[in-house]
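In what follows, a structure is listed as structure tokens, so that the remarks can point back to it.
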Amino acid sequence: MERFLLTAYLCCLMGLSACHSPKELHTVPDQDAYPKPPVAPRKPQTFTEHGYQRTDDYFWLKDKKNPEVLAYLKAENTYADTVLAHTKPFQEKLFAEMKGRIKEDDQSVPVFSNGYYYYTRTETGKQYAIQCRKKGSLSEKEEIILDGNKLAEGHDAFILAGTSTSEDQNLLAYQSNNTGSYAEFDLKVKDLRTGQLLPDVIEGISGFAWGTDNKTLYYVTYDKALRPYRLYRHTLGEKGKDVLLFEEKDPLFTLNVGRSKSKEFIIVYTGSFTTSEVMLIPTANPAGKPEVFLPRQKDVTYGVDVHPDHFFLTYKDKQNLNQKIYELPRTGYQDRKTWKEIVPHNPKVKIEDTEVYQQYLVIEVRNEGLMQIRVRNLQSGETKTVEFPEPVYTAFSMGLPDFKSTKIRYGYTSLNRPMSTFEYNMETGETVKLKETEVPGGFDPEKYEVKRLWATAPDGVKVPIAAVYQKGLELDGKNPLLMTGYGSYGISSDAYFDRNAFSLIDRGFVYAIAQIRGGSDLGEQWYEDGKLQKKINSFTDFIACAEYLVKEKYTASDRLAIMGGSAGGLLMGAVTNMRPDLFKVVIAEVPFVDVINTMLDTSLPLTTQEYEQWGNPNVKADYDYIRKYSPYDNIKAQAYPNILATGGLNDSQVGFHEPAKYVAKLRTLKTDKNLLLLKINMGSGHGGATGRFDYLKEVAFQYAFICDRIGWTTE
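Numbering (this note's numbering), first residue to last: 1 to 715.
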């Protein structure tokens, strides 16, 4: 057992209160105690939009091919390491703890498909998963079909973005890259009979699907702005003869491809954030062209599940934001009179996802912010709900590939319970636990208190907060607290088990998640009320959550740390500009902070498609609203908290230059002596380090910064 866990365990045997760290803060040296930070040269560029003139001194930091830019980034990295050098033993301790909570030699629950049991496993000391299978029985000899560790050899990063076997199970297609970017993967095909790669290599794809003839692949490629927009058909062995099947010309739309569970159709999905269209290609006719299921209509999104007897249509428009479900006939469904509504719209319950089996329709819904799984018998119409026991949790359907299955699998976790995999019998309602993620050294969920709290936003709206801390912790305003948030794209901030966070929780921290507007935690209207001209609600919600936690003595401002990444990094930048006095430490991971410049540059990934999220700054009303909150544009001469901003040189979602510019500008304007650090991963992208252990080193660095700057224990 790792030393810290053993110490904590023995401590708890003597009484819970002894587990808590002393609540006195140690003195924290300010900037004057360290060398002077790097200074990025100011090279002013002036821009004029809608009669408003702005000057950007650091626009030049955008060019990663510029040696001066790279030199500046390396100088910032060196400076961050130098400033936190005194925490190196603590970082190593944190890393050992977090690594110690991982069962290094582990295996997923096998899934049976087309005569084989497929699973992944990990090995002690190795960074990446190994894909395996066994034919017919789990007692048969293991066959390794793909080893991520071998594919990652000699590279700083490795992402395996998807694998799929051909219908006869002889060929494995997979997409991966060694840049750490979440875009532009290479598609390769491995012959599982010989172990050799086929010469068919397709570069720069975003997704793919197999036909059922064991030789046809459908794949999607990007345009120059990394927008998935073209669908091709590739026949194995016919290099250079790929057929363009569809090109999405609307710059707001992106393209995706998959295959129905029934295997009848290749499903082509194209859509923006507010409008969508589905096309089908019969797998029985690989040379066929995509046929539109229902023509796109503005502000209508829909999805299609294929059943031999029916189509199931999940439908959303402005009057049905939380979606409804129709049953459609296989022919003549274009006539809306043939549609049968089987799940009506409910303004309090959002339909998140659906999955159809031969006898059942599985429906994931979000009710009062919590996930439920409902199973509808397609013959009787009876619906059963899978029950979950706790007040705050996360659950999701994991599905099974067998269309005829009468069982489903789902994952369940909460703030104090590791992920478990369950199997639910849709015929009997019986649930069986198949696996619970093991935390080496032992983990007792009963030692932790989980709460659902409600803060009040300035407009009177109640905002949920999920929180966890050690039982017996006195709420006296002297506890350090880490609060995370996101609040964008309708992505909910679900309460899941974060094993790394217990390195803080077991040191007396409260860990909290602010489930603010902009996500869809309380339904689709929650999302609508936190985007476009209502985006500032996300920021005021987060501030209200922080104020509530201080008021209720979960923490105090001088002990409050906040963290968010990507659009959550935008959140960090905005709330720090608005209320710098409220927070002691800010971790802004790959932060989207340069909103105006980014949304004006249509050559950048995601820009055009995201007009429906942030607004189009070419429109004056949108420009004026974005300018109110864009973090980079609202930095001013005031005292700021301690800030650590991170980025990835190969980031395709948020350019490395955004955190770099943000830090450079902050250095010239902030009036305090708190620490401001920039850390750029020079070999990876949006998610940082891709290896499971390398990633922990980045987390340890962040946690050490938090504890050090608060003046909390580093023991």
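Positions of the beta carbon are idealized from the N, C-alpha and C atoms, including for glycine. Note that this is a predicted model, so its numbers are computed, not measured.
Task: L571 beta carbon less than 9 Å from that of S488 - done: yes
TODO: Check whether the Cβ atoms of A639 and T668 sit closer than 9 Å, and answer yes or no.
DONE: no
Open item on the list: Can you tell me where the beta strand (DSSP E) holding Y174 begins and where it ends?
Closed with: L171 to N177
Open item on the list: For the alpha helix (DSSP H) containing A455, name the first residue and the last one.
Closed with: Segment Y448 to T456 is the beta strand (DSSP E) holding A455; no alpha helix (DSSP H) there.
Task: the region 504-516 contacting the region 352-361, beta-carbon criterion three pairs below 8 Å - done: no
Open item on the list: I need the straight-line Cα distance from Y724 to V109, nearest angstrom please.
Closed with: Residue 724 cannot be examined here, being either before or after the span of the chain that is shown, 1 to 715.
Open item on the list: In this structure, how does DSSP classify P38 when only helix, strand and coil are distinguished?
Closed with: coil
- [ ] Return the first residue and the last residue of the alpha helix (DSSP H) that V69 is part of.
- [x] P67 to V83
- [ ] Find out if the Cβ-Cβ distance for the pair V343, R376 is shorter than 9 Å.
- [x] yes
Open item on the list: With a threshold of 7 Å on Cβ separation, who are the neighbours of F422 within its own chain once the five nearest residues in sequence on each side are excluded?
Closed with: R409, Y410, Y412, T431, V432, K433 and L434
TODO: In angstroms with no decimal places, state the Cα-to-Cα distance between E364 and M371.
DONE: 7 Å
Open item on the list: Looking only at its chain, what residues have a beta carbon closer than 8 Å to the beta carbon of L743, apart from the 5 residues adjacent to it on each side?
Closed with: For residue 743 there is no data in the structure shown, the boundaries of the chain being 1 and 715.
TODO: Provide the residue span of the beta strand (DSSP E) that contains S414, from first to last.
DONE: K407 to S414
Task: Bridge partners - M483, DSSP secondary structure assignment - done: A512 and I562
TODO: Give the DSSP-derived three-state secondary structure of K126 in the structure shown.
DONE: coil
Task: CA-to-CA distance, K340 to V306, given in whole angstroms - done: 15 Å
TODO: Compute the beta-carbon to beta-carbon distance between Q91 and A700, rounded to the nearest angstrom, for a pair I have assumed lies under 8 Å.
DONE: 5 Å
- [ ] Tell whether a beta-carbon distance below 9 Å holds between I159 and G687.
- [x] yes
Open item on the list: Going by DSSP, what residue range makes up the beta strand (DSSP E) through H310?
Closed with: H310 to K316
TODO: List the endpoints of the continuous alpha helix (DSSP H) containing H657.
DONE: H657 to L669
- [ ] Keeping to the same chain, check which residues put their C-beta closer than 7 Å to that of R627; ignore five residues upstream and five downstream.
- [x] I596 and D633
Open item on the list: Can you give me the C-alpha to C-alpha distance between K551 and R54, rounded to a whole angstrom?
Closed with: 39 Å
- [ ] Over the uninterrupted beta strand (DSSP E) stretch that includes D200, give me the two end residues.
- [x] Looking at the DSSP string, D200 is not in any beta strand (DSSP E), and its letter there is neither H nor E.
Open item on the list: Does the contact criterion of 3 or more C-beta pairs under 8 Å hold for the region 174-184 versus the region 218-226?
Closed with: yes
Task: Cβ neighbours of R579 in the same chain (closer than 7 Å, five flanking residues each side left out) - done: I543
Task: Straight-line gap, R499 to N285 (C-alpha atoms, nearest Å) - done: 48 Å
Open item on the list: Mapping the DSSP letters down to three states, classify G749 as helix, strand or coil.
Closed with: Only positions 1 to 715 of the chain appear in this structure, which leaves residue 749 out of reach.
Open item on the list: With the cut-off set at 9 Å, would you say I330 and V392 are in Cβ contact?
Closed with: The displayed chain sequence assigns Arg, not Ile, to residue 330. No, the Cβ-Cβ distance between R330 and V392 is not below 9 Å.
TODO: Could you check the C-alpha separation between D622 and N616 for me, to the nearest Å?
DONE: 6 Å
Task: Rounded C-alpha distance that separates L473 from Y554 - done: 9 Å
TODO: Tell me whether D476 is buried or exposed, calling it buried when 16 or more other Cβ atoms sit within 10 Å of its Cβ.
DONE: exposed
TODO: Select from A209, K43, L25 and S397 the residue whose C-alpha is nearest the C-alpha of R374.
DONE: S397
Task: Boundaries of the beta strand (DSSP E) in which E767 is found, first to last residue - done: Residue 767 cannot be examined here, being either before or after the span of the chain that is shown, 1 to 715.
- [ ] Within its chain, find whatever has a CB closer than 6 Å to the CB of T165; leave out the 5 residues flanking it on each side and keep chain order.
- [x] L172
Task: Sequence ranges, beta strand (DSSP E) only - wholly within the region 318-401, length at least 3 - done: 324-329, 340-343, 349-356, 360-367, 370-377, 383-386 and 394-397
- [ ] Evaluate K471 with the Cβ neighbour count: other Cβ atoms within 10 Å of its Cβ, from every protein chain shown; 16 or more gives buried, anything less gives exposed.
- [x] exposed
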